[in-house]
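S.K.: Got a structure for you, written out below as structure tokens; questions coming shortly.
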Amino acid sequence: MYVTISPKRSRREFVRKVKELSGQNLQLCYQCGMCSGNCPAASNMDISPRRIIELARLGLDEEIAGSKTVWTCASCLACAVNCPRGFDLSKVMEAIRLLTLRKNIDHIRPEDISPKQRCELPQIAMVSGLRKFTG
Ligand code: SF4
Ligand code: SF4
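Every letter in the sequence shown is one number past the one before it in the numbering used here, and letter 35, counting from 1, is 39.
This is the structure we're talking about:
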């Protein structure tokens, strides 16, 4: 027997999991944009940090998955420090990364890193990068 999960239910489930994993109340954000304005990685993101929150609370995980933003986030906490609502967006970014990796979708494949890159990259960067980008 097949059980069909309605898109509405799957969106609700995504919102619930993001809240649970991040420990953040997504409704706290009032979309002021301070996080995007203070994010040092924003110029390399295709969806701004502020908009990621809006998409996350609407449960639009496919839009988020199609973007490189959560993988570009450096977990630097500049957004959290500058948020007037005390919202920690870095935890939401991490929660979304975890949910993606749990689907066995690695953002990078270790076997795609060339031997030359392996020799040139600092080991600590390799280890932390693989921890962040693979399941
Ligand atoms: S700074 Fe805080 S309240 Fe403003 S958009 Fe970012 S998360 Fe929302
Ligand atoms: S934690 Fe991520 S989203 Fe927040 S300011 Fe740093 S890079 Fe930007």
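Each residue gets a CB set at the ideal place from its N, CA and C atoms; glycine is no exception.
Hey, how far is the Cα of P88 from the Cα of P53?
M.R.: C-alpha separation (whole angstroms): 15 Å.
S.K.: Tell me, to the nearest whole angstrom, how far the beta carbon of K136 is from that of R101; I am working on the premise that it is less than 8 Å.
M.R.: Going by Cβ atoms, the distance from K136 to R101 rounds to 7 Å, so yes, they are a contact pair.
S.K.: Determine the burial state of A99: buried for a count of at least 16 other Cβ atoms within 10 Å of its Cβ, exposed for fewer.
M.R.: A99 is buried by the Cβ-count criterion.
S.K.: Can you list, in chain order, the residues of its chain whose CB lies under 6 Å from that of L59, leaving out five sequence neighbours each side?
M.R.: Cβ neighbours of L59 beyond the five flanking positions: E67 and I68.
S.K.: Please determine, among P126, L105, Q31 and S132, the residue with the shortest C-alpha to C-alpha distance to S79.
M.R.: Of the candidates P126, L105, Q31 and S132, the one whose C-alpha sits nearest the C-alpha of S79 is S132.
S.K.: Heavy atom of ligand 1 less than 7 Å from the Cβ of R122, yes or no?
M.R.: No - ligand 1 has no heavy atom lying nearer than 7 Å to the Cβ of R122.
S.K.: For F137, does the three-state DSSP call read helix, strand or coil?
M.R.: F137: helix per DSSP, three-state reduction.
S.K.: Does DSSP classify F18 as helix, strand or coil?
M.R.: Of the three classes helix, strand and coil, the one that applies to F18 here is helix, per DSSP.
S.K.: So, is Q127 buried or exposed, given that buried needs 16 or more other C-beta atoms within 10 angstroms?
M.R.: Q127 should be labelled exposed.
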